[in-house]
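Everything below concerns the one structure shown next.
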Amino acid sequence: MTHGPSRPRWQRALLWAVAAFVLAAVFAAYLSPHMAVDLANRVWSCF
Amino acid sequence: MNAASAPPPATITLSVRQVLLCGALIVTLSMGIRHGFGLWLQPMTMDRGWSRETFAFAMAVQNLAFGLAGPLAGMWADRKGAFPVLITGGVMYALGLAGMALAPTGLLFTATAGLLIGVAQSGCTYAVVFGVIARNVPADKRTWAMAVAAAAGSFGQFLMVPVENGLIGAWGWQVALFALGAGALAIVPLAWGLKEHPQGPAEGQHQSIAAAVREAFAYPSFRLLMAGYFVCGFHLVFIGVHMPSYLKDNGLGPGVATTALALIGLFNVFGTFGAGMLSGRFAKRHILAGIYATRALAILLFITVPLTPWSVYIFASVMGLLWLSTVPMTNGIVAQIFGVRYMSMLGGFVFLSHQIGSFLGAWLGGRLFDMTGNYDVMWWISVALGVFAALINLPVRETAIARPTLKPA
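From first to last, the protein sequence lines are chains A and B.
Using our numbering, read the first sequence as starting at 181 and increasing by one per residue.
Using our numbering, read the second sequence as starting at 0 and increasing by one per residue.
As structure tokens, then:
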């Protein structure tokens with residue numbers, strides 16, 4: 181098994197920032213008006 | 000020294016980074032694609048002229064096939080390595096999605112969207128990938144690594160709902176399924192990153208599959224873990240399937256359900272990863288007991304306080320944190336007790352229990368609603384099961400099982 185050297189602090193911070201940005205972007209996609217209406221109609225029509 | 004606690008140096012061949020990257024991407028795809036299938040209900044039933052029951056039956060078959068094929072896929076992966084199982088799973092997933100797009104009758108739809116995709120999922124999701132992780136990541140990092148892969152699956156679920164919704168909107172439901180099928184084929188090249196090389200005898204090598212199954216089912220802690228995982232499946236599918244109609248019955252708008260869905264997805268990623276971080280500090284059985292107890296408390300508060308959009312959002316966030324955080328904990332304990340030789344198969348058996356709980360959560364929710372006209376009984380059953388699962392996880396023994404060692408004649 182190979183272990184890479186531990187990442188510098190700035191790289192770890194950058195990775196966390198990228199992850200946070202991606203999660204926020206996906207969350208925002210759920211809440212965009214077009215998506216919210218579209219998704220709600222599809223989900224809601226099941227019941 | 001007992002066999003399960005022996006280090007498995009003979010099987011470690013892949014870098015942790017490679018295993019995590021490929022494993023996480025495979026689970027992101029396989030779990031993500033399946034998460035949005037409900038979005039096809041409306042357009043498919045309208046276009047094909049099917050009843051909702053036709054669609055729902057195929058999805059129920061898919062969930063059962065996923066659970067039932069899990070131990071078999073795990074056995075295959077434990078004997079021959081994850082690589083051929085992942086390749087087969089990826090190809091079957093793609094074929095199943097194409098079949099789902101083309102199926103002209105309900106029977107063929109059940110055969111493809113239900114049976115074929117369900118079996119495919121068993122070959123390219125947690126149990127098989129966790130086996131590779133368990134064999135290639137040191138024991139002290141194993142649960143954390145499983146949590147990273149599980150968090151990727153959570154992210155896949157979170158990501159793919161808007162993606163699939165967008166695909167249906169842009170290209171129509173049929174082309175969207177073909178596009179997803181092409182996406183599922185990406186599992187095939189990623190499987191190369193999890194290809195283990197044949198090694199010499201490792202821990203538990205001389206134990207047969209039948210002996211491993213007998214040993215696990217005779218071990219009380221394994222049965223307790225299965226019972227706890229049953230409750231996990233029950234909770235998730237009851238809430239996932241029935242909460243939108245519960246909100247609708249109580250006069251909340253569809254936007255609340257959509258936001259709740261987004262919050263569960265978002266916090267699920269944090270919860271699954273966070274549970275892995277906690278596993279280095281606390282006993283896993285205590286984390287599991289805490290997860291189930293918190294679920295019971297969250298459900299209790301949710302049904303006793305006045306229902307408002309904000310009570311839904313808070314409940315969805317808390318449940319999101321607790322959603323799949325049981326996955327790395329449960330599988331981590333299985334590896335800790337029984338070792339990694341039959342990790343995928345035993346993980347498959349535990350997951351079968353989860354899927355039986357899932358089936359009951361969906362079915363019983365509908366049945367009790369039809370009988371009583373509301374979900375009250377179901378919510379209280381969920382609270383009781385949460386308390387039950389918390390209590391039964393406390394006596395779980397996390398230490399490696401003691402196996403008699405053969406003495407030379």
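Heads up, the beta-carbon is just placed ideally off N, CA and C, and yes, glycines get one too.
Neighbour list for residue i in chain A, Cβ cutoff strictly below 8 Å
i                : result
Gly122 (chain B) : Here the premise fails: no neighbours, minimum Cβ distance about 25 Å.
For residue i, three-class secondary structure by DSSP
i                : result
Trp49 (chain B)  : coil
Leu323 (chain B) : coil
Glu163 (chain B) : helix
Cys123 (chain B) : coil
Ala399 (chain B) : coil
Asn373 (chain B) : coil
Val339 (chain B) : coil
Val18 (chain B)  : helix
Gln191 (chain A) : helix
Tyr228 (chain B) : helix
His196 (chain B) : coil
Tyr218 (chain B) : coil
Arg280 (chain B) : coil
Gly130 (chain B) : helix
Ala315 (chain B) : helix
His214 (chain A) : helix
Thr109 (chain B) : helix
Gly273 (chain B) : helix
Asn62 (chain B)  : helix
Pro137 (chain B) : coil
Asn267 (chain B) : helix
Thr104 (chain B) : coil
Proximal chain A residues relative to residue i, where beta-carbon distance stays under 7 Å
i                : result
Ala261 (chain B) : Phe207, Tyr210 and Leu211
Val339 (chain B) : Neighbours of Val339 (chain B) on chain A: none; closest Cβ ~13 Å, over 7 Å.
Chain-ordered neighbours of residue i on chain D, where CB pairs are closer than 9 Å
i                : result
Thr258 (chain B) : Of the protein chains in the structure, A and B, none is chain D.
Residue closest to residue i, alpha-carbon to alpha-carbon, out of the options
i                : options                                   : result
Thr330 (chain B) : B:Gly347, B:Thr104, B:Leu101 and B:Ala209 : As written in the sequence, residue 330 (chain B) is Asn, which differs from the Thr given in the question. Nearest option by C-alpha distance: B:Gly347.
Lys140 (chain B) : B:Ile332, B:Leu393 and B:Leu390           : B:Ile332
Arg33 (chain B)  : B:His353, B:Lys194, B:Gly360 and B:Glu163 : B:Glu163
Gly365 (chain B) : B:Gln41, B:Trp309 and B:Ala55             : B:Ala55
Ala45 (chain B)  : B:Phe237, B:Pro253, B:Pro83 and B:Gln173  : It should be pointed out that residue 45 (chain B) corresponds to Met in this sequence rather than to Ala. If we check each option's Cα against that of Met45 (chain B), B:Gln173 comes out closest.
Val18 (chain B)  : B:Ala110, B:Phe269, B:Ala169 and B:Lys194 : B:Lys194
Tyr228 (chain B) : B:Gly360, B:Leu390, B:Ala383 and B:His353 : B:His353
Met276 (chain B) : B:Phe216, B:Val376 and B:Ala148           : B:Ala148
Ala334 (chain B) : B:Ile400, B:Pro103, B:Thr371 and B:Gly89  : B:Ile400
Ala81 (chain B)  : B:Leu38, B:Leu13, B:Gly37 and B:Thr104    : B:Leu13
Pro403 (chain B) : B:Ile290, B:His205, B:Leu115 and B:Gly168 : B:His205
Phe154 (chain B) : A:Ala200, A:Trp190 and A:Pro188           : A:Ala200
Gly152 (chain B) : B:Ile355, B:Ser357, B:Thr257 and B:Leu28  : B:Leu28
Gly22 (chain B)  : B:Thr109, B:Ala133 and B:Arg51            : B:Ala133
Glu52 (chain B)  : B:Gly105, B:Ile302, B:Gly88 and B:Thr307  : B:Gly105
Ile298 (chain B) : B:Ala226, B:Leu235 and B:Val382           : B:Val382
Thr409 (chain B) : B:Leu300, B:Met43, B:Pro308 and B:Val317  : Shown here, chain B extends from 0 to 408; a query on residue 409 (chain B) therefore has no answer.
Residue i beta carbon near the ligand FAD (any heavy atom closer than 7 Å)
i                : result
Phe314 (chain B) : In terms of ligand content, the structure shown is empty, and the ligand FAD therefore cannot be addressed.
Using a beta-carbon distance cut-off of less than 7 Å, what residues from the segment 198 to 214 of chain A approach chain B?
Leu203, Val206, Phe207, Ala209, Tyr210 and Leu211
Can at least three beta-carbon pairs, one atom from the segment 93 to 103 of chain B and one from the segment 178 to 185 of chain B, be found at a separation below 8 Å?
yes
Chain A contacts from the segment 148 to 182 of chain B (Cβ-Cβ distance under 9 Å)
Phe154, Phe157, Leu158, Val160, Pro161, Val162, Asn164, Gly165, Ile167 and Gly168
Counting pairs of beta carbons, one from the segment 255 to 274 of chain B and one from the segment 155 to 169 of chain B, are three or more of them closer than 8 Å?
yes
Three-pair Cβ contact test at 8 Å for the segment 291 to 298 of chain B versus the segment 241 to 251 of chain B:
no
When the Cβ atoms of the segment 311 to 323 of chain B are set against those of the segment 128 to 145 of chain B, are three or more pairs found closer than 8 Å?
no
If you pair each beta-carbon of the segment 187 to 197 of chain B with each one of the segment 311 to 318 of chain B, do three or more pairs fall below 8 Å?
no
Proximal residues, the segment 264 to 276 of chain B versus chain A, C-beta separation under 9 Å
Gly264, Leu265, Val268 and Phe269
Quick one: which residues of the segment 78 to 103 of chain B get their C-beta closer than 9 Å to a C-beta of chain A? List them in chain order.
none
Can you confirm whether the segment 116 to 130 of chain B touches the segment 68 to 76 of chain B when touching is taken to mean that 3 or more C-beta pairs between the two stretches lie within less than 8 Å?
yes
Three CB pairs or more closer than 8 Å across the segment 218 to 229 of chain B and the segment 266 to 282 of chain B:
no
The segment 333 to 346 of chain B touching the segment 123 to 132 of chain B, judged by at least three CB pairs closer than 8 Å:
yes
On the three-pair Cβ rule with 8 Å, is the segment 55 to 66 of chain B touching the segment 357 to 364 of chain B?
yes
Do the segment 99 to 113 of chain B and the segment 206 to 217 of chain A meet, that is, are 3 or more Cβ pairs less than 8 Å apart?
no
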